[in-house]
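Those sequence lines, one after another, are chains A and B. According to this note's numbering, the residues represented by the first sequence are 11 to 600, in order. According to this note's numbering, the residues represented by the second sequence are 8 to 125, in order. For reference, the structure discussed in these notes is given below.
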Amino acid sequence: MPRTTTTFTRVRVLLLITAGALGLGMLVGNAQLGPLDLGTVLEVLVGWSFVACGIFLWARRPANRLGPLMTTVGMLWLLGRTMTLVLIPVVYTAGLWLTDLWAAGFALFLLSFPTGRLTSRTDRAIVGIFLFVTVPLEFLWLLFLVPENGLNVLGIAANESAAHVIDTIQRVMISVGSVLLVIALGRRWLRSSGPVRRQMAPVLAGAVAILLQSVSWILFSSGTSLEALDDLIFLAQIAIPIAVLSVMLRSRMARGGIADLVVELGQTPTPARLRDALSNALGDPSLQVAYWAPIQDRFVAATGEPMDLPDEGTGQAVTMLERNGVPETAIIHDAILLEEPGLVASVASAMRLAVENDRLTAEVEAQLTEVRASRARIVAAGDAERQRIERDLHDGAQQRLVALTLALRLARTRLGDDADPSVKLSLEQASDEAKAALSELRELARGIHPQILTEAGLHAAIESLAVRTPATVSVDMDPDARFAPAVEAIAYFVVSESLANIAKYAEAGAVVVRAGWQDGVLTVEVADDGRGGADPHAGTGLRGLLDRVSAVDGTLEVVSPPGGGTRIVARIPTAAPTHTADRMTARVAT
Amino acid sequence: MTTILIIDDHAAFRVQARAILVAHGFSVIGEAVDGTSGLEAARTLRPDVVLLDIGLPDVDGFEVARELAVTGPPPLVVLTSSREASEYGPRLTSSQVLGFIPKDELSGAAIRALVRPA
Numbered sequence: 011m012p013r014t015t016t017t018f019t020r021v022r023v024l025l026l027i028t029a030g031a032l033g034l035g036m037l038v039g040n041a042q043l044g045p046l047d048l049g050t051v052l053e054v055l056v057g058w059s060f061v062a063c064g065i066f067l068w069a070r071r072p073a074n075r076l077g078p079l080m081t082t083v084g085m086l087w088l089l090g091r092t093m094t095l096v097l098i099p100v101v102y103t104a105g106l107w108l109t110d111l112w113a114a115g116f117a118l119f120l121l122s123f124p125t126g127r128l129t130s131r132t133d134r135a136i137v138g139i140f141l142f143v144t145v146p147l148e149f150l151w152l153l154f155l156v157p158e159n160g161l162n163v164l165g166i167a168a169n170e171s172a173a174h175v176i177d178t179i180q181r182v183m184i185s186v187g188s189v190l191l192v193i194a195l196g197r198r199w200l201r202s203s204g205p206v207r208r209q210m211a212p213v214l215a216g217a218v219a220i221l222l223q224s225v226s227w228i229l230f231s232s233g234t235s236l237e238a239l240d241d242l243i244f245l246a247q248i249a250i251p252i253a254v255l256s257v258m259l260r261s262r263m264a265r266g267g268i269a270d271l272v273v274e275l276g277q278t279p280t281p282a283r284l285r286d287a288l289s290n291a292l293g294d295p296s297l298q299v300a301y302w303a304p305i306q307d308r309f310v311a312a313t314g315e316p317m318d319l320p321d322e323g324t325g326q327a328v329t330m331l332e333r334n335g336v337p338e339t340a341i342i343h344d345a346i347l348l349e350e351p352g353l354v355a356s357v358a359s360a361m362r363l364a365v366e367n368d369r370l371t372a373e374v375e376a377q378l379t380e381v382r383a384s385r386a387r388i389v390a391a392g393d394a395e396r397q398r399i400e401r402d403l404h405d406g407a408q409q410r411l412v413a414l415t416l417a418l419r420l421a422r423t424r425l426g427d428d429a430d431p432s433v434k435l436s437l438e439q440a441s442d443e444a445k446a447a448l449s450e451l452r453e454l455a456r457g458i459h460p461q462i463l464t465e466a467g468l469h470a471a472i473e474s475l476a477v478r479t480p481a482t483v484s485v486d487m488d489p490d491a492r493f494a495p496a497v498e499a500i501a502y503f504v505v506s507e508s509l510a511n512i513a514k515y516a517e518a519g520a521v522v523v524r525a526g527w528q529d530g531v532l533t534v535e536v537a538d539d540g541r542g543g544a545d546p547h548a549g550t551g552l553r554g555l556l557d558r559v560s561a562v563d564g565t566l567e568v569v570s571p572p573g574g575g576t577r578i579v580a581r582i583p584t585a586a587p588t589h590t591a592d593r594m595t596a597r598v599a600t
Numbered sequence: 008m009t010t011i012l013i014i015d016d017h018a019a020f021r022v023q024a025r026a027i028l029v030a031h032g033f034s035v036i037g038e039a040v041d042g043t044s045g046l047e048a049a050r051t052l053r054p055d056v057v058l059l060d061i062g063l064p065d066v067d068g069f070e071v072a073r074e075l076a077v078t079g080p081p082p083l084v085v086l087t088s089s090r091e092a093s094e095y096g097p098r099l100t101s102s103q104v105l106g107f108i109p110k111d112e113l114s115g116a117a118i119r120a121l122v123r124p125a
């Protein structure tokens with residue numbers, strides 16, 4: 011490695027010396043032709059600026075192609091111009107060619123900023139136009155060219171008018187290419203975000219310079235030569251490499267891109283926008299993002315299509331975002347970016363933050379789903395338990411009390427009318443106590459779980475509640491509709507709690523209970539004409555209802571203006587009801 | 008003498024009901040512990056009255072009453088339960104039976120009031 015580095019350094023030093031010598035040669039050569047003008051000095055400075063800045067960038071960012079490219083552009087500039095000063099046919103002709111070839115190099119430099127690589131087809135096409143003009147057409151032109159000094163070594167078919175036609179075609183094509191180049195860079199500038207736009211300024215200046223250059227050529231071919239315009243173009247061309255170098259070394263573009271990336275990631279972008287943001291931040295339009303799919307045991311694109319990670323030596327590299335040592339997301343990018351580890355690391359950090367954020371959100375969502383499910387299970391389990399307790403009471407204590415009541419009555423009967431009155435009284439009292447106990451137990455059991463709900467459904471259960479309410483209750487619902495047990499239990503308790511409240515507080519004359527299913531929701535409504543003013547947050551009754559209804563993702567609405575009656579509406583999402591008639595048919599069939 | 012078949016799954020109730028009914032001059036000719044054996048007993052014993060519990064372990068009392076109504080000649084059916092009538096709502100009021108007596112209200116007089124209405 012040290013040897014290679016030394017070799018590179020030597021090459022760069024050599025190039026620097028060559029460029030210096032060529033520039034001096036240009037100055038000396040021109041000085042021999044006459045007094046030096048400002049234009050010539052600026053011309054030399056353009057070449058030196060490109061070579062010096064290119065070599066400096068090359069040394070500081072060895073992996074970035076922009077450095078060598080700038081150096082090449084500068085060398086072409088100096089070499090071509092110096093060689094046309096040498097009055098040897100071969101050298102002179104080569105000089106002419108190289109001078110024009112410079113334009114293609116400059117276009118390539120502008121379009122490939124900041125990576126030194128062309129990424130879009132349009133960019134390649136534009137550079138192609140420049141190359142076509144400066145290589146095959148230039149060769150053709152040189153075949154016909156009749157230079158004043160007669161030094162054209164290629165001029166084997168000297169034909170002035172043919173050379174002129176080709177020259178015109180070249181100028182038109184270069185002008186078109188320049189316009190396209192300006193459009194391409196302009197579009198890129200428009201699509202970029204603020205910081206990137208600022209960093210693109212030198213390249214845009216370059217685009218304008220190349221446009222002015224073609225204007226200057228057209229003017230020159232039509233006989234006009236504007237020295238001031240040329241000098242202005244030269245000044246721009248001197249400044250461009252310096253500006254590009256400063257931009258590249260400060261890496262402001264990259265940092266600006268990361269700022270954009272962080273903003274973009276904060277807004278939970280779509281996968282496509284995430285890719286674009288990463289691509290912008292890293293200045294790599296070819297960037298792709300792959301996600302690890304544990305089920306498929308491979309990486310997939312956001313669209314779910316399998317993706318293969320690039321191998322080494324393909325010019326692409328992978329930055330892996332891992333979690334607990336397990337790969338999660340792979341950013342596939344230009345291998346050249348590995349030379350800027352700080353940049354990639356920053357982007358990876360931003361990305362990791364976003365991924366972690368998403369993961370936490372997903373985790374909370376999952377927990378919430380689990381909590382909802384467990385709440386529904388708890389309510390269902392509670393209902394089942396209440397049902398079991400009711401049945402136990404019915405089959406156990408209640409039956410014993412019934413038997414006891416009957417036994418006492420039988421004893422009283424057998425005792426006859428002429429028995430001891432105190433014994434008769436005791437038996438009658440015991441019988442009354444047993445009946446009272448039975449009645450209380452019955453009430454308790456019904457409160458725990460109404461048997462009728464299980465046996466006969468919501469309508470019958472509500473009817474039985476209506477009978478016991480000291481107000482006129484009308485029930486409006488499909489008598490045969492049966493819902494899931496948990497749903498029926500919740501609907502029943504909404505009605506029973508509401509009716510109990512009406513009996514206690516409302517002083518209502520008429521109550522309407524409506525229940526109906528539509529579009530996946532069972533709506534249960536209890537409305538009275540009482541004094542209203544019920545507060546759903548006071549007391550445990552309505553609060554308990556709200557909890558029960560929420561447990562199955564339902565809603566409870568209480569409208570109770572003072573003096574305006576009370577309306578309680580529960581909406582419980584549930585499947586369409588079955589009908590008792592259907593169930594009977596089913597039973598007969600089995 | 009009016010003959011009675013008791014269908015109920017609770018032994019304690021059957022014992023007390025039999026004793027009370029016998030004490031009030033009825034002839035309890037059979038007992039059954041569920042709907043299926045109750046229907047079988049009704050067919051073979053042909054009682055005048057069936058005292059039928061609603062909450063049976065296999066089929067419920069309403070179902071048994073429906074079956075009994077189509078066996079000829081149908082017995083008079085009196086439903087009973089340790090729950091109140093209101094807990095059965097429309098199922099009870101729409102059933103084709105003679106009447107309903109809560110278990111703790113069972114007496115010869117209650118049966119007689121249903122069987123021979125004044």
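Heads up, the beta-carbon is just placed ideally off N, CA and C, and yes, glycines get one too.
| said: Any heavy atom of the ligand ADP closer than 7 angstroms to the beta-carbon of ALA476(A)? | reply: Inclusion of the ligand ADP in the displayed structure is not the case, the ligand content being empty and no account of it being possible.
| request: Using a threshold of 8 angstroms, state whether the C-beta atoms of GLU70(B) and GLY96(B) are closer than that. | output: As a working note, residue 70(B) is residue 63 in the second sequence. As a working note, residue 96(B) is residue 89 in the second sequence. No, the pair does not count as a contact, with Cβ atoms beyond the cut-off.
| Secondary structure of SER59(A), DSSP reduced to three states | Taking the first sequence and counting its residues from 1, one reaches residue 59(A) at position 49. Here SER59(A) sits in helix by DSSP.
| field | Start and end residues, alpha helix (DSSP H) containing ARG553(A) | value | Within the first sequence, numbered from 1, the residue matching residue 553(A) stands at position 543. Unbroken alpha helix (DSSP H) run through ARG553(A): 551-561.
| GLY33(A) classed as buried or exposed, judged by whether at least 16 other C-beta atoms fall within 10 angstroms | Numbered from 1 along the first sequence, position 23 holds the residue referred to as residue 33(A). The Cβ neighbour count for GLY33(A), taken over all protein chains shown within 10 Å, is at least 16; the residue is labelled buried.
| query | Going straight from the alpha carbon of ALA440(A) to that of GLN408(A), what length do you get? | reply | Residue mapping note: residue 440(A) aligns to position 430 of the first sequence, counting from 1. Residue mapping note: residue 408(A) aligns to position 398 of the first sequence, counting from 1. Straight-line Cα distance between these residues: approximately 16 angstroms.
| Does the segment 207-214 of chain A come within contact of the segment 170-187 of chain A, defined as at least 3 CB pairs closer than 8 angstroms? | no
| request: Using beta-carbon positions only, say whether ALA561(A) and VAL389(A) come within less than 8 angstroms of one another. | output: In the first sequence, counting from the first residue as 1, residue 561(A) sits at position 551. In the first sequence, counting from the first residue as 1, residue 389(A) sits at position 379. In contact: ALA561(A) and VAL389(A) (Cβ atoms closer than 8 angstroms).
| message | Mapping the DSSP letters down to three states, classify MET263(A) as helix, strand or coil. | response | To locate residue 263(A), count along the first sequence from 1; it is residue 253. Because MET263(A) carries a pLDDT of 48, less than 50, the predicted location of this residue cannot be relied on, and the following value inherits that uncertainty. It is helical.
| field | Exposure label - PRO316(A); buried when at least 16 CB within 10 Å | value | For the purposes of this step, residue 316(A) is taken as residue 306 along the first sequence, with counting starting at 1. Exposed, since its Cβ has fewer than 16 Cβ neighbours within 10 Å.
| said: If the criterion is Cβ atoms closer than 8 angstroms, does the pair LEU288(A) and LEU347(A) meet it? | reply: Translated into the one-based positions of the first sequence, residue 288(A) becomes position 278. Translated into the one-based positions of the first sequence, residue 347(A) becomes position 337. Cβ atoms of LEU288(A) and LEU347(A): not closer than 8 angstroms.
| request: Compare the beta carbon distance of ALA191(A) and LEU118(A) with 8 angstroms and say whether it is the shorter of the two. | output: Taking the first residue of the first sequence as position 1, residue 191(A) is located at position 181. Taking the first residue of the first sequence as position 1, residue 118(A) is located at position 108. According to the sequence as given, residue 191(A) is Leu; it is not Ala. Cβ atoms of LEU191(A) and LEU118(A): not closer than 8 angstroms.
| On the three-pair Cβ rule with 8 angstroms, is the segment 456-465 of chain A touching the segment 391-400 of chain A? | yes
| said: Run through chain A and tell me which residues come within less than 8 angstroms of ASP111(B), C-beta to C-beta. | reply: Stepping through the second sequence from its first residue, residue 111(B) is reached at position 104. LEU411, VAL412, THR415, LEU416, ALA444, LYS445, LEU448, listed in chain order.
| Members of the segment 85-114 of chain B near chain D, C-beta cut-off 8 angstroms | Among the protein chains in the structure shown, which are A and B, there is no chain D.
| field | GLU338(A) (DSSP reduced to helix, strand or coil) | value | Here residue 338(A) is taken as the residue at index 328 of the first sequence, counted from 1. Strand at GLU338(A).
| Should LEU141(A) be labelled buried (16 or more other beta-carbon atoms within 10 Å of its own) or exposed? | Translated into the one-based positions of the first sequence, residue 141(A) becomes position 131. Under this definition LEU141(A) is a buried residue.
| Partner residues on chain A for ALA30(B), Cβ-Cβ distance less than 7 angstroms | Reading the second sequence from its first residue, position 23 is the one you call residue 30(B). Those within 7 angstroms of ALA30(B) in chain A are LEU420, THR423, ARG424.
| In this structure, what does DSSP give as the bridge partners for MET330(A)? | Taking the first residue of the first sequence as position 1, residue 330(A) is located at position 320. According to DSSP, which records beta bridges pairwise, MET330(A) is partnered with ALA340(A).
| request: Just the C-alpha distance for ARG422(A) and ALA49(B), rounded to the nearest angstrom, thanks. | output: In the first sequence, residue 422(A) corresponds to position 412, counting from 1. In the second sequence, residue 49(B) corresponds to position 42, counting from 1. ARG422(A) and ALA49(B): Cα-Cα distance of roughly 31 angstroms.
| Leaving out the 5 sequence neighbours to the left and right, which residues in its chain are closer than 7 angstroms to THR144(A) when beta-carbon positions are compared? | The count along the first sequence starts at 1 and reaches residue 144(A) at position 134. Taken in chain order, the residues that qualify are ASP110, LEU111, ALA113, ALA114.
| Quick one: any contact between the segment 541-556 of chain A and the segment 502-517 of chain A, if contact means 3 or more CB pairs under 8 angstroms? | Judged by Cβ distances under 8 angstroms, the segment 541-556 of chain A makes contact with the segment 502-517 of chain A, as three or more pairs qualify.
| message | Closer than 8 angstroms between beta carbons: that is the criterion. Which residues of the segment 474-498 of chain A meet it against chain B? | response | Hits within the stretch, in order: SER474, VAL477, ARG478, PRO489.
| field | Nearest-angstrom Cβ-Cβ length linking PHE493(A) and LEU463(A), presumed shorter than 8 angstroms | value | Indexing the first sequence from 1 puts residue 493(A) at position 483. Indexing the first sequence from 1 puts residue 463(A) at position 453. About 10 angstroms separates the Cβ atoms of PHE493(A) and LEU463(A), ruling out a contact at the 8 angstroms cut-off.
| said: Do ARG452(A) and VAL531(A) have their beta-carbon atoms positioned less than 8 angstroms apart in this structure? | reply: Sequence index remark: in the first sequence, residue 531(A) carries index 521 (1-based). Sequence index remark: in the first sequence, residue 452(A) carries index 442 (1-based). No.
| task | Please report the residue range of the beta strand (DSSP E) in which PHE309(A) lies. | result | To locate residue 309(A), count along the first sequence from 1; it is residue 299. Taken as a continuous stretch (DSSP letters only), the beta strand (DSSP E) holding PHE309(A) covers 308-310.
| field | Ranges of the alpha helix (DSSP H) found wholly within the segment 71-149 of chain A, counting only runs of at least 4 | value | 76-93, 99-121, 131-144
| query | Grouping DSSP H, G and I as helix and E and B as strand, with all else coil, what is SER224(A)? | reply | For the purposes of this step, residue 224(A) is identified with residue 214 of the first sequence, where counting begins at 1. Three-state DSSP puts SER224(A) in a helix.
| task | Determine contact between the segment 50-65 of chain B and the segment 83-96 of chain B, defined as no fewer than three beta-carbon pairs at a distance below 8 angstroms. | result | yes
| Alpha-carbon spacing of LEU222(A) relative to ALA249(A), whole angstroms | Numbered from 1 along the first sequence, position 212 holds the residue referred to as residue 222(A). Numbered from 1 along the first sequence, position 239 holds the residue referred to as residue 249(A). Roughly 15 angstroms separates the two Cα atoms.
| query | Roughly how far, in whole angstroms, is the beta-carbon of ALA29(A) from the beta-carbon of VAL61(A), given that I think they are within contact range, below 8 angstroms? | reply | To locate residue 29(A), count along the first sequence from 1; it is residue 19. To locate residue 61(A), count along the first sequence from 1; it is residue 51. The Cβ separation is near 4 angstroms, so the contact holds.
| query | What did DSSP end up calling HIS459(A) once you bin it into helix, strand or coil? | reply | Within the first sequence, residue 459(A) is the residue found at index 449, counting from 1. Reduced to three states, the DSSP call for HIS459(A) is coil.
| message | In the DSSP output, what is SER484(A) paired with across the bridge? | response | Within the first sequence, the letter at position 474 stands for residue 484(A). Answer is VAL522(A).
| task | Might you give, ordered along the chain, the residues of its own chain that have their beta carbon closer than 7 angstroms to the beta carbon of LEU113(B), omitting 5 neighbours on each side? | result | In the second sequence, residue 113(B) corresponds to position 106, counting from 1. Excluding positions up to five away in sequence, the list reads ALA24, ILE27, THR87.
| query | So, does the CB of THR584(A) fall closer than 8 angstroms to a CB anywhere in chain B? | reply | In the first sequence, the residue the question calls residue 584(A) occupies position 574. With 8 angstroms as the cut-off, THR584(A) does not count as an interface residue toward chain B.
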